[in-house]
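The structure appears right after this line, and notes come after that.
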Amino acid sequence: VIGEKLCFTNRGGKDILLHSNSKASEFQQIAVAKDAHELIITALCGHSDGDQEWLYSGGWDKVVKRWRIASELTLVDTCPLDVPITSITMGNNGELYVGGADGNIYCVTYH
125 VIGEKLCFTN
135 RGGKDILLHS
145 NSKASEFQQI
155 AVAKDAHELI
165 ITALCGHSDG
175 DQEWLYSGGW
185 DKVVKRWRIA
195 SELTLVDTCP
205 LDVPITSITM
215 GNNGELYVGG
225 ADGNIYCVTY
235 H
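The numbering used here puts the sequence shown at residues 125 to 235.
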């Protein structure tokens, strides 16, 4: 959940779907990022920064991607890692923490 939106992957695990988080709108689809990753996405994390909403994604392709959320999902930045990504979460001060399949935690920063 990011603000008034829901983000999740499709059944194949490579597309990111963005829907309204509103029963009144019947959870209407807002946007789709087709083939958002080369391999299956295993982690999504949303973050609001003032009036801007962000989505971070990662998976077996070993890349963290940063998406701007508006009426569509726009890829803004990527950060390759050396390991598959198993989890993503935000710290209290806007840090992005990524769990790797090797058991380590990585801090990813965007400027």
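Even glycine gets a Cβ: it sits at the ideal position worked out from N, Cα and C.
Can you grab the Cα-Cα spacing for the pair residue i / residue j, in whole Å?
i, j, result
"W178", "S172", "6 Å"
"K138", "G174", "29 Å"
"I126", "A167", "14 Å"
"I212", "A148", "30 Å"
"N134", "G218", "27 Å"
"G170", "F132", "11 Å"
"L141", "V187", "18 Å"
"Y180", "E150", "25 Å"
"D159", "M214", "24 Å"
"G223", "S195", "29 Å"
"T210", "L130", "20 Å"
"V232", "Q152", "32 Å"
"Y221", "Q176", "20 Å"
Assuming residue i contacts residue j under a Cβ cut-off of 8 Å, what Cβ separation, rounded to an integer in Å, is found between them?
i, j, result
"N145", "E162", "Not really, about 28 Å apart at Cβ, beyond 8 Å."
"P204", "W184", "13 Å between Cβ atoms; not a contact."
"D201", "Y230", "Contact flag wrong, Cβ pair sits at about 15 Å."
Taking residue i as the reference, give the member of the options with the closest Cα.
i, options, result
"T198", "G183, I209, A155, L168", "A155"
"G136", "H143, Q152, A157", "A157"
"D226", "V232, N216, D206", "D206"
Exposed or buried, what is residue i when buried is set at 16 or more other beta-carbons lying within 10 Å of its beta-carbon?
i, result
"R182", "Looking at the sequence itself, residue 182 is Gly, so the reference to Arg does not match. Per the 10 Å Cβ criterion, buried."
"K189", "buried"
"I193", "buried"
"I165", "buried"
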